[in-house]
Structure formats: structure tokens, C-alpha cells
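> Dropping the structure in here first, questions after.
Numbering (the working numbering), first residue to last: 1 to 238.
Here it is in C-alpha cells:
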């Protein structure tokens, strides 16, 4: 299994002195980060779609095996809530982000917590996602955690994003540990504020037992730089 391990974002001044050198410039953070980790979640694509020159710049700063994870624009996930009339936006996002080449890993469709199960809409949306897009879906309302949803994702080899959080009310927190399999690869967000060595070892073992082809694992960024610390420890487990 190929593991891609990283954090949610990389551009944090709070990481200076514990992960980044104290004197590092913002423009140098991505290159430094990519020397230590194999993937990163990009959050600003949620707020606006960058110009192709931005994607080109990102691509140039990282090694060939690095993978960018792009959060889908909020117009698609939060405003239109997966309506099929977002097709043009989905296709444009796919086209402009293709400047990353093979370094474009996954597009994460993170849905709002108050968006309840709508199977018909999900099916229509899945059908408009371009074939070149590798997609993961993070559902945050408990109604989505049903076999009908899993089977729709399986049709396109799309991953169910599994999330481990501090909030017990989160449906993805309670179900995330089940490691539900909808694709031959997986996407996990380990979002707790603290992980012991045993916690990390247990997660590593669970993931290995699933025998996916690939697994993308992300830790919460945290102001004090715990995210890079946890990611590094997880990566060192092999």
C-alpha cells in the first residue's frame, strides 16, 4: 500500500520555530513542507478557484511523487449542495487544476453538517464528475452513512472520507473507525487534538489491514504545530 501522509494546509506562521525555521518566508513554506511530507490538503480552493498560474507555481515547488489534495469550491458543496447545474464549475475546476499534472491527487467534496441525505442528488452529481477526477466525499450528517450511498461511491471508485474527531456528536467520528470501504484507495482525516504513539500505531495497523492500493492520511494543522509532529510520527511507522 502506498501511503500519502500530511496535514490540512501548510502556510501557518504559528509553525515557525517548531516545524518551520524561524526566519522562513511564506513563499518558501511549500517547498520546505514538501521535503518532509508527501501530500497536503489545500483549503483555499474552497473559497475561490485559483488561476492556472497558481497551480503551475505549486507544481513547480514540489517533487514528482508529491500529491495535492484540493477541497472542492464551496459553490459546489455548500451553496448548490451537489446540484447537477454545477457541472460547468466542476469541469472548469478539473481543467484549471490539471496544471498540477500527476501531482493532483484527490478532490475532496466536504459537505455541510446540515446537509441531509439526498440520494438522487448524489447520484446525479457523481455522474457529472469528470473521469479524470479522483474524488473523496466527506459527509457530516449521519443520514449519509448508509449502504445506498456507499454503493453509489463504489460505482466510480470514489472514497468515503473517514474522519476521527474530538466531537462525539460528529457522525463521521463515530463511524470513521469502521473504515468503510468504497474504493481501492482511502481518505482519512485524523482530526483529534492529541494522538499518543499507541493511537497512531493502532490507526496504522487498521489501515494496513484494509489492503488498499493507496491511503491518504491528514492531521489537523493546530496552531502549535502538532499536526506536522503527528504526521511525522505516523510516517515513521512505515
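Just so you know, even glycine gets a beta-carbon here, dropped at the ideal spot from N, CA and C.
This one's a predicted model, so the numbers in the text were calculated from it and none came from an experiment.
Identify which residue in 212, 13, 219 has its Cα closest to the Cα of residue 199.
Position 199 of the chain shown holds residue 199. If we check each option's Cα against that of residue 199, 219 comes out closest.
> With respect to the beta strand (DSSP E) encompassing residue 5, which residues constitute its N-terminal and C-terminal limits?
For the purposes of this step, residue 5 is taken as the residue at position 5 of the chain shown. Start and end: 2-8.
> In angstroms with no decimal places, state the Cα-to-Cα distance between residue 159 and residue 182.
Looking up residue 159 in the chain shown gives position 159. Looking up residue 182 in the chain shown gives position 182. Straight-line Cα distance between these residues: approximately 6 Å.
> Let me check one thing: in DSSP terms, what residues is residue 71 bridge-paired to?
By one-based count along the chain shown, residue 71 stands at place 71. 108, per the DSSP bridge assignment.
> With a floor of 3 residues, list each beta strand (DSSP E) that falls wholly inside the segment 22-65, ordered by position along the chain.
Entirely contained in the segment 22-65, the beta strand (DSSP E) runs reaching 3 residues are, in chain order, 39-42.
> Pull up the distance between the alpha-carbon of residue 222 and that of residue 134, whole angstroms please.
By 1-based counting over the chain shown, the position of residue 222 is 222. By 1-based counting over the chain shown, the position of residue 134 is 134. Answer to the nearest angstrom: the Cα atoms are 27 Å apart.
> Alpha carbons only, please: which of 214, 74, 15, 164 is nearest the one belonging to residue 229?
Looking up residue 229 in the chain shown gives position 229. It is 15 whose Cα lies nearest to the Cα of residue 229.
> Can you grab the Cα-Cα spacing for the pair residue 83 / residue 23, in whole Å?
Sequence index remark: in the chain shown, residue 83 carries index 83 (1-based). Sequence index remark: in the chain shown, residue 23 carries index 23 (1-based). Taking the straight line joining both Cα atoms gives about 45 Å.
> Let me make sure I understand the geometry here. Which of 155, 4, 163 has the alpha-carbon closest to that of residue 106?
Mapped onto the chain shown, residue 106 falls at position 106. When each option's Cα is compared against that of residue 106, the closest is 4.
> Would you please state the rounded distance, in angstroms, between the beta carbons of residue 149 and residue 122? I believe it to be under 8 Å.
Within the chain shown, the letter at position 149 stands for residue 149. Within the chain shown, the letter at position 122 stands for residue 122. Their Cβ separation, rounded to whole angstroms, is 7 Å, which keeps residue 149 and residue 122 in contact under 8 Å.
> Tell me whether the beta-carbon of residue 33 lies closer than 8 Å to the beta-carbon of residue 10.
In the chain shown, residue 33 corresponds to position 33, counting from 1. In the chain shown, residue 10 corresponds to position 10, counting from 1. Yes, Cβ-Cβ distance for residue 33 and residue 10 is below 8 Å.
> Cα-Cα, which of 152, 130, 67, 141 is closest to residue 113?
As a position in the chain shown, residue 113 is number 113, starting the count at 1. Selected option, being the one with the closest Cα: 141.
> Taking residue 25 and residue 62 to be in contact with their CB atoms under 8 Å, please state how far apart those CB atoms are, rounded to whole angstroms.
In the chain shown, counting from the first residue as 1, residue 25 sits at position 25. In the chain shown, counting from the first residue as 1, residue 62 sits at position 62. Their Cβ separation, rounded to whole angstroms, is 17 Å, which puts residue 25 and residue 62 out of contact at 8 Å.
> Compare the Cα-Cα distances from residue 59 to each of 67, 90, 100 and report the closest residue.
Here residue 59 is taken as the residue at index 59 of the chain shown, counted from 1. Selected option, being the one with the closest Cα: 100.
> For the beta strand (DSSP E) containing residue 163, list its first residue and its last residue.
The residue you call residue 163 lines up with position 163 of the chain shown. Residues 159-164.
> Tell me the rounded alpha-carbon separation between residue 185 and residue 127.
The residue labelled residue 185 in the question sits at position 185 within the chain shown. The residue labelled residue 127 in the question sits at position 127 within the chain shown. The straight-line gap from Cα to Cα measures roughly 20 Å.
> What does the alpha-carbon distance come out to for the pair residue 153 and residue 145?
Within the chain shown, residue 153 is the residue found at index 153, counting from 1. Within the chain shown, residue 145 is the residue found at index 145, counting from 1. Looking at the two C-alpha atoms, the distance is approximately 12 Å.
> Identify whether residue 212 lies in helix, strand or coil by the three-state DSSP scheme.
In the chain shown, residue 212 corresponds to position 212, counting from 1. In the structure shown, residue 212 sits in coil (DSSP, three-state: anything other than H, G, I, E or B).
> Would you kindly report the start and end of the unbroken alpha helix (DSSP H) that includes residue 150?
Taking the chain shown and counting its residues from 1, one reaches residue 150 at position 150. Looking at the DSSP string, the run of the alpha helix (DSSP H) that includes residue 150 is 147-155.
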